[in-house]
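Numbering (the numbering used here), first residue to last: 803 to 1075. Backbone N, C-alpha and C fix where the C-beta goes; we use that ideal spot for every residue, glycine too. If you're wondering where the values come from, they're calculated on a predicted model, not measured in any experiment.
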C-alpha cells in the first residue's frame, strides 16, 4: 500500500495478509471474507483496511513481498519456542536472538506478563541489522497473546475476536502518530517510527490452543468488519440514535454498543453456521 508525506493515508488504511498452511482455515476465511464489504478488496480504491488470503507459510510470502509487521499469536511471557512462534524465532536468528528482545519489551510495558487479548509492537530494526541481509524481515513484531501459558482454548471464548481487534487498533494507533505529524514534517517522528503498511497474521489460537478453525475465521472476520465500519474510521459518522433520551454529545451510543455485543455473541449461538 503506497503512501507519501504529501498525501498520507489515514492510519486505518493498511494491508492485512492472512497466511496459513491449513486448508480448513483458508477456506473458512474466504467464505467469511466474501460476506464483507467490497471495499476490503485490494482492487477497490477506498482508503481503508485491505485483506488478502494466502495458503502458504509466512516464509514463502516474505520471498515475494516486503511486509512491515508480522504477528506472534503468543503467550503472555514472550516464550517463543514452540509452534508458529518457534518458526518466527528461527526466522529472526533463533530463540536466543528473538526471545530476549521481545521479553525486554514485555518487561518494560507489562512487568514481564502481557495481558491475554492485547497487542504490543516490538521494533526489530536493531536486531535485523545483525541478521543476513538476503531475507525480507518485517521490522515490527505484533505480540498478541492468545493465552497466558500454552493450553487448550475454550471454543466459546471470544479471545480470537479480542486479539484481532487489538492487533488492528494497535497498528492504527501506531500509524496515527505519524499521520498527525505529517503536516509538521517532524523528521524525528518519521525516523523513530516507521509506518505499518502491511501485516502478516496466521489464525489465532488454532495451533497449540486447538481453537476451531471455522470459529477462528468467523471471529477474525467479524473483528475486521467492525474495525472497517467503526465510526472512528469513517468520515461520514453514523447518525446518533438519541431515542433513549440522553448523551446527544456521546461519540458512541448504547444502541451501537449493543449491536457490537450482539454480533460477537451471535458467533456462539446454537446452529450458527
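Is the beta carbon of residue j closer than 8 Å to that of residue i?
i            : j            : result
residue 1021 : residue 963  : yes
residue 859  : residue 823  : yes
residue 945  : residue 880  : yes
residue 890  : residue 1030 : no
residue 1001 : residue 921  : no
residue 948  : residue 1012 : no
residue 961  : residue 919  : yes
residue 812  : residue 849  : yes
residue 1051 : residue 950  : no
Below 8 Å on the Cβ atoms is my contact criterion, and I expect residue i with residue j to pass it. Report the Cβ-Cβ distance as a whole number of Å.
i            : j            : result
residue 942  : residue 998  : 6 Å
residue 1065 : residue 1028 : 7 Å
residue 766  : residue 832  : Only positions 803 to 1075 of the chain appear in the structure, and residue 766 is not among them; the question remains open.
residue 933  : residue 903  : Incorrect: roughly 12 Å between the Cβ atoms, too far for contact.
residue 816  : residue 977  : 7 Å
On a Cα-Cα basis, can you pick out the residue from the options that is closest to residue i?
i            : options                   : result
residue 1006 : 933, 861, 896 and 885     : 885
residue 957  : 913, 1025 and 1069        : 1069
residue 1017 : 907, 955, 973 and 1053    : 955
residue 835  : 1060, 979, 1026 and 1052  : 1026
residue 874  : 866, 857 and 893          : 893
residue 818  : 966, 1009, 1034 and 1057  : 966
residue 1004 : 995, 1019 and 996         : 1019
residue 924  : 867, 911, 1055 and 813    : 911
residue 1063 : 1034, 1033, 1053 and 1024 : 1024
residue 970  : 980, 1032 and 928         : 1032
residue 864  : 936, 968, 853 and 847     : 936
residue 828  : 1015, 1059, 1054 and 1060 : 1015
residue 953  : 913, 979 and 1009         : 1009
residue 1053 : 1071, 1034, 914 and 906   : 1034
residue 929  : 914, 820 and 906          : 906
residue 959  : 1058, 909 and 1067        : 1067
residue 857  : 841, 830, 842 and 843     : 830
Sort out for me which residues DSSP pairs residue i with in a bridge.
i           : result
residue 757 : Limits of the chain in this structure are 803 at one end and 1075 at the other, which puts residue 757 out of reach.
residue 821 : 856
Practice item. Please specify which runs of the alpha helix (DSSP H), each continuous and at least 4 residues long, are wholly inside the stretch 848 to 933, giving them in chain order. Key: The stretch 848 to 933 contains, as complete alpha helix (DSSP H) runs of 4+ residues, the segments 860 to 863, 885 to 893, 897 to 912 and 927 to 930 (chain order).
Exercise for review: Only counting runs of 3 or more residues, tell me where the beta strand (DSSP E) segments fall wholly within the stretch 998 to 1029, in order along the chain.
Suggested key: Fully enclosed beta strand (DSSP E) runs of 3 or longer: 1000 to 1003.
Review point. Taking only runs of the beta strand (DSSP E) that begin and end inside the stretch 950 to 981, which ones reach a length of at least 3 residues, in chain order?
Key: DSSP runs (the beta strand (DSSP E)) wholly in the stretch 950 to 981: none.
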